[in-house]
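Read the structure below first, then the notes.
Numbering (the working numbering), first residue to last: 1115 to 1270.
Here you go:
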């Protein structure tokens, strides 16, 4: 479906960063943050990240990649180097850009997405919860205090 407003993406990313913060705190890298691994619950503004079967512990290499999403992986995955939280966050940025294809990315959020996709693993943000704090701060500057924004998913 098409996202009508970047405000919808804001809550989706907020939920995703919460999930990743919890996983990373527990030493796990998902390794495949792609749109088809994200299940949204529009009525409750919920999100589920699925397909954890190839996740790895921080400091290991990803053993498998989703072939059709090869171009969405960061350099350390393609180069078969060790991964860290910044690996997942790189892929979050790619998913956001895809979701925002119809509505565009506001400039302050674009700066964060560019940072999360720096070519070096160590030049990127390393903590999903810190990134979430920045994300929420920018959202409040642009849109005001958090409020529920209805997302209507078309049915066939």
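For every residue, glycine included, the Cβ atom is placed at its ideal position computed from N, Cα and C.
All values derive from a computational prediction rather than experimental measurement.
Bounding residues of the beta strand (DSSP E) (the contiguous stretch that carries residue i)
i            : result
residue 1160 : 1160 to 1163
residue 1194 : It is not in any beta strand (DSSP E) - residue 1194 carries neither H nor E in the DSSP assignment.
residue 1153 : 1152 to 1155
Per-residue burial, residue i [other beta carbons within 10 Å of its own, 16 or more giving buried]
i            : result
residue 1273 : What the structure shows of the chain is the stretch from 1115 to 1270, and residue 1273 is not part of that stretch, so it cannot be assessed.
residue 1192 : exposed
residue 1202 : buried
Same chain only: Cβ atoms within 6 Å of residue i, ignoring 5 sequence neighbours per side
i            : result
residue 1207 : 1227, 1230 and 1231
Strand pairing of residue i, partner residues [DSSP]
i            : result
residue 1170 : 1143
Beta-carbon contacts of residue i that lie in its chain and below 7 Å, excluding the five residues immediately before and after
i            : result
residue 1186 : 1148, 1205 and 1208
residue 1166 : 1144
Residues of its chain near residue i, where Cβ-Cβ distance is below 8 Å and the 5 sequence neighbours each way are ignored
i            : result
residue 1222 : 1252, 1255 and 1256
Limits of the unbroken alpha helix (DSSP H) element including residue i
i            : result
residue 1211 : 1199 to 1213
Notebook entry, point to check: Considering only residues of the region 1224 to 1268, which uninterrupted alpha helix (DSSP H) runs meet the minimum length of 4 residues and lie entirely inside it, listed in chain order?
Noted result: Every unbroken stretch of the alpha helix (DSSP H) spanning 4 or more residues and falling wholly within the region 1224 to 1268 is given here in chain order: 1242 to 1257.
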